[in-house]
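Undergrad: The opening residue of the sequence shown carries number 4 in this note's numbering; numbering runs sequentially from there.
Where a beta carbon is used, it is the ideal one built from N, C-alpha and C, also for glycine.
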Amino acid sequence: MTQCMKSGGELVVDALEAFGVTQLFCVPGESYLEVLDAIHDSPINATSARQEGGAAMMAEAWGKLYGTPGICFVTRGPGATNASAGIHVAQQDSTPMILFIGQINSKLRHRDAFQEVDYGQYLGSMAKWVAEIDSPERITEMVSRAWSVATSGRPGPVVLVLPEDTLSGTAASAKIKPFKALETYPNEADLQQMGRMIERAKKPIVILGGSRWCKDSVAQIEAFAESFSLPVACSFRRQMLFNHLHPHYAGDVGLGINPKLKSTVANADLVILMGGRFSEVPSQNYELLGVHKGAQEPKQKLIHIHASAEELGRVYRADLTIHASPKALAKGLMQLIPGAAVSQQRIDHLVECHTHYQQWSSMSGKTHPGDVQMPTVMTHLATTLPADAILTNGAGNYATWIHRFWKFTQYGTQVAPTSGSMGYGLPAAIAAKIAFPDKTVVAFAGDGCFQMTMQEFGTAVQANAAIIVLVIDNGMYGTIRMHQERHFPSRVSTTDLVNPDFCALAKAYDAFATQVNHSDQFPKALDDAIAAKKPALIHIKLDPQAMTPNQTLDQVRDQ
Numbered sequence: 004m005t006q007c008m009k010s011g012g013e014l015v016v017d018a019l020e021a022f023g024v025t026q027l028f029c030v031p032g033e034s035y036l037e038v039l040d041a042i043h044d045s046p047i048n049a050t051s052a053r054q055e056g057g058a059a060m061m062a063e064a065w066g067k068l069y070g071t072p073g074i075c076f077v078t079r080g081p082g083a084t085n086a087s088a089g090i091h092v093a094q095q096d097s098t099p100m101i102l103f104i105g106q107i108n109s110k111l112r113h114r115d116a117f118q119e120v121d122y123g124q125y126l127g128s129m130a131k132w133v134a135e136i137d138s139p140e141r142i143t144e145m146v147s148r149a150w151s152v153a154t155s156g157r158p159g160p161v162v163l164v165l166p167e168d169t170l171s172g173t174a175a176s177a178k179i180k181p182f183k184a185l186e187t188y189p190n191e192a193d194l195q196q197m198g199r200m201i202e203r204a205k206k207p208i209v210i211l212g213g214s215r216w217c218k219d220s221v222a223q224i225e226a227f228a229e230s231f232s233l234p235v236a237c238s239f240r241r242q243m244l245f246n247h248l249h250p251h252y253a254g255d256v257g258l259g260i261n262p263k264l265k266s267t268v269a270n271a272d273l274v275i276l277m278g279g280r281f282s283e284v285p286s287q288n289y290e291l292l293g294v295h296k297g298a299q300e301p302k303q304k305l306i307h308i309h310a311s312a313e314e315l316g317r318v319y320r321a322d323l324t325i326h327a328s329p330k331a332l333a334k335g336l337m338q339l340i341p342g343a344a345v346s347q348q349r350i351d352h353l354v355e356c357h358t359h360y361q362q363w364s365s366m367s368g369k370t371h372p373g374d375v376q377m378p379t380v381m382t383h384l385a386t387t388l389p390a391d392a393i394l395t396n397g398a399g400n401y402a403t404w405i406h407r408f409w410k411f412t413q414y415g416t417q418v419a420p421t422s423g424s425m426g427y428g429l430p431a432a433i434a435a436k437i438a439f440p441d442k443t444v445v446a447f448a449g450d451g452c453f454q455m456t457m458q459e460f461g462t463a464v465q466a467n468a469a470i471i472v473l474v475i476d477n478g479m480y481g482t483i484r485m486h487q488e489r490h491f492p493s494r495v496s497t498t499d500l501v502n503p504d505f506c507a508l509a510k511a512y513d514a515f516a517t518q519v520n521h522s523d524q525f526p527k528a529l530d531d532a533i534a535a536k537k538p539a540l541i542h543i544k545l546d547p548q549a550m551t552p553n554q555t556l557d558q559v560r561d562q
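(1) Would you call the CB atoms of Gly213 and Ala310 closer than 9 Å?
(2) For the beta strand (DSSP E) holding Ala446, just list the boundary residues, first then last.
(3) In three-state DSSP terms, what is Ile483?
(4) Assuming Leu165 contacts Ile136 (C-beta within less than 8 Å), just tell me the rounded distance between them.
(5) Under 8 Å Cβ to Cβ from Gly451, same chain only, skipping five residues before and after it: list those, please.
(6) Just grab the DSSP bridge partners of Lys544 for me.
(7) Determine the direct distance from the alpha carbon of Leu264 to that of Arg320, and round the result to whole angstroms.
(8) Classify Leu248: buried if its beta carbon has 16 or more other beta carbons within 10 angstroms, exposed otherwise.
(9) Have a look at the DSSP bridge pairing and note the partners of His326.
(10) I want to know whether the stretch 379-393 touches the stretch 518-526 - three or more CB-CB distances under 8 Å.
(11) Quick one: what's Ser10 bridged to in DSSP?
(12) Apart from the five residues just before and just after Arg280, which ones in its own chain have a Cβ nearer than 6 Å to its Cβ?
(13) Helix or strand or just coil, what does DSSP make of Asn553?
(14) Per DSSP, which one or two residues make a beta bridge with Gln391?
(15) Measure from the alpha carbon of Gln287 to the alpha carbon of each residue in Gly89, His307, Asp255 and Lys536, then state which is nearest.
(16) Could you check whether Ala130 and Gln95 sit closer than 9 Å to each other, using their CB atoms as the reference points?
(17) Going by beta carbon distance, what residues of the same chain come within less than 8 Å of Gly461, once the five residues before and after it are set aside?
(18) Mind checking who Ser51 pairs with in its DSSP beta bridge?
(19) Helix, strand or coil: which one does DSSP assign to Glu135?
(20) Can you pull the DSSP bridge partners for Pro207?
(21) Quick check on the DSSP output: what are the complete beta strand (DSSP E) runs of length 3 or more inside the stretch 190-261, in order along the chain?
(22) What is the DSSP secondary structure of Ile179, counted as helix, strand or coil?
(23) The alpha helix (DSSP H) spanning Asp88 covers which residue range?
(24) Would you list the one or two residues that DSSP bridges to Thr517?
(25) Taking the C-alpha atoms as reference points, what is the distance between Ala431 and Phe28?
(26) When we look at the beta-carbon of Arg199 and count the other beta-carbons within 10 Å, is it buried (16 or more) or exposed?
(27) Are the beta-carbon atoms of Glu63 and Val30 separated by less than 9 Å?
(28) With respect to the beta strand (DSSP E) encompassing Pro160, which residues constitute its N-terminal and C-terminal limits?
(29) Give the single residue among Pro250, Ala469 and Gln562 whose Cα lies nearest to the Cα of Phe515.
(30) Which one of Lys436, His43, Thr403 and Asp168 has the shortest CA to CA distance from Phe239?
(31) Starting from Ile107 and walking both ways along the beta strand (DSSP E), at which residues does that stretch end?
(32) Is the stretch 482-498 close to the stretch 348-360, with three or more CB pairs under 8 Å?
(33) Count Cβ pairs between the stretch 335-342 and the stretch 356-364 that sit closer than 8 Å; are there 3 or more?
(34) For the stretch 204-224 against the stretch 170-182, do three or more pairs of beta-carbon atoms, one drawn from each stretch, fall closer than 8 Å, so that the two count as touching?
(35) Rounded to whole angstroms, what is the Cα-Cα separation between Ser346 and Glu290?
(36) Nearest to Thr443 by alpha carbon, out of Lys369, Met100, Ala539 and Gln303?
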């Protein structure tokens with residue numbers, strides 16, 4: 004029987020189709036023309052971004068939302084270096100992603116040819132695996148392996164490099180077996196020991212983080228917390244892992260942490276880290292568990308549960324380590340049954356944790372300088388947006404208004420970078436709207452943050468992604484200015500911004516745009532943005548003095 008011969012480009016696209024890929028993001032390049040040609044006849048939807056960093060962030064956001072690899076194609080050299088911004092997000096955020104990079108002809112290697120880069124050296128410290136496919140015969144094998152590496156253990160980005168001669172060459176098409184991510188289940192002995200440690204604790208707390216969760220596993224963790232009367236906090240930018248209205252919710256452990264929650268974790272007699280690494284930001288510079296300056300022994304009793312064996316014991320020497328993926332862990336915890344009635348002390352502790360969160364997240368009486376009051380904006384959003392609305396953001400002080408005051412109630416409604424990457428909110432929102440066209444998607448961005456990737460507004464328009472972007476404009480790189488004023492008062496350098504007319508920019512793309520100069524204008528602006536049914540931008544002019552929910556710029560300088 005004659006085998007079907009296909010080009011390398013066709014084999015790449017065939018492999019993606021076999022793994023169920025329906026969407027990819029790219030910036031086209033001459034180095035992978037065969038792939039672009041194969042996409043022409045493929046059911047896979049390809050969204051072309053304006054810059055490779057935006058394309059890679061879109062793919063990363065897709066991986067966050069679905070838990071399967073987000074797919075991105077970029078050209079060699081400058082294209083790949085631009086895309087590294089998204090690779091870094093995927094690495095820090097433990098997000099499955101595969102970046103395909105067009106490459107020079109392999110016969111020209113090691114001559115510093117046009118746009119030649121050694122991707123193993125360049126991206127090797129960020130990606131879980133970087134490999135160059137040296138022949139079309141190995142494409143199916145390598146894509147299959149990339150899928151497995153990107154999704155297994157601690158998920159992350161994989162980079163596959165595609166030389167021109169590999170893509171233009173031909174090979175027989177190969178059958179691809181369906182792939183299912185490996186779930187690692189906790190053993191019975193560890194679960195029983197965990198149950199005993201919880202029952203002995205007087206002031207325990209659970210901290211959820213990481214990736215590989217799903218709607219069902221989050222619901223099972225909620226039931227487990229109820230059964231054992233456990234307060235639950237969420238790690239930095241992982242707030243959607245627990246319903247904020249639930250009486251067991253204790254708040255988020257991240258930047259600008261509630262001082263009372265920080266004290267609760269520091270004084271807990273048992274901390275249970277589920278799914279996350281508890282890295283620098285949630286751990287408050289590695290000091291919240293008493294682990295810093297090279298020490299590994301937490302001062303609290305610690306249970307650490309993670310899908311990757313390599314992460315267990317890497318930073319923290321826990322009293323109990325459990326190698327388990329979140330979905331498998333959640334199922335296993337359903338088998339645990341409390342052996343005794345919960346003490347009144349534990350109940351009081353639980354109530355106190357949630358009360359502290361409610362007080363910290365209340366906007367009652369909150370005001371700051373200026374005609375636009377962010378508490379008013381956030382309150383209106385809370386009463387207007389549906390519960391399943393997806394919120395995205397990049398990095399900046401403006402994000403505090405989401406982290407502290409937004410009440411996430413459903414899984415899959417937050418897409419934000421734990422890496423702290425500016426410019427992330429807009430491309431992430433585009434990916435989210437393509438993924439869930441019937442959901443409301445709102446991107447928060449500061450004026451500096453927005454300008455990192457604002458060219459992707461054109462991508463939103465071309466993709467008919469009716470996102471709503473709130474550009475919160477205080478005329479500066481606010482976070483850096485805050486640190487500048489704290490450490491070098493009144494010595495401002497490089498943090499002021501001369502901004503464009505953001506509304507004119509959006510309208511140039513034939514999008515809806517309006518400016519808000521007073522809080523009273525926001526409700527109509529939001530209504531009009533929603534009614535426009537196309538990409539929309541609301542330019543919110545914020546007083547520069549409104550630095551944080553608690554401090555003005557002058558107060559930061561004078562503290």
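TA: Quick look at the numbers:
(1) Closer than 9 Å, so yes.
(2) Val444 to Gly449
(3) Three-state result, Ile483: helix.
(4) 6 Å
(5) Gly399, Met425, Met479, Tyr480, Gly481 and Leu500
(6) Asp476
(7) So the two alpha carbons sit approximately 23 Å from each other.
(8) exposed
(9) His309
(10) With a cut-off of 8 Å, the stretch 518-526 and the stretch 379-393 count as touching, because enough Cβ pairs lie within range.
(11) Thr173
(12) Glu314
(13) Collapsing the DSSP output to three states places Asn553 in coil.
(14) Checking the sequence, you will find Asp at residue 391 rather than Gln. Note: Asp391 sits in no beta bridge, so no partner.
(15) When only C-alpha atoms are compared, the closest one is Asp255.
(16) no
(17) If we look at Gly461 and ignore the five residues flanking it on each side, its Cβ neighbours are Arg53 and Tyr512.
(18) Cys29
(19) strand
(20) Partner(s): Leu273.
(21) 207-211, 235-238 and 252-256
(22) coil
(23) Residue identity check: residue 88 is Ala in the sequence provided, not Asp. Segment Pro81 to Asp96, the alpha helix (DSSP H) holding Ala88.
(24) Ile541
(25) 12 Å
(26) Per the 10 Å Cβ criterion, exposed.
(27) no
(28) Where Pro160 is concerned, the enclosing beta strand (DSSP E) stretches over Pro160 to Pro166.
(29) Ala469
(30) Thr403
(31) Run containing Ile107: none; DSSP gives neither H nor E here.
(32) no
(33) no
(34) no
(35) 30 Å
(36) Ala539
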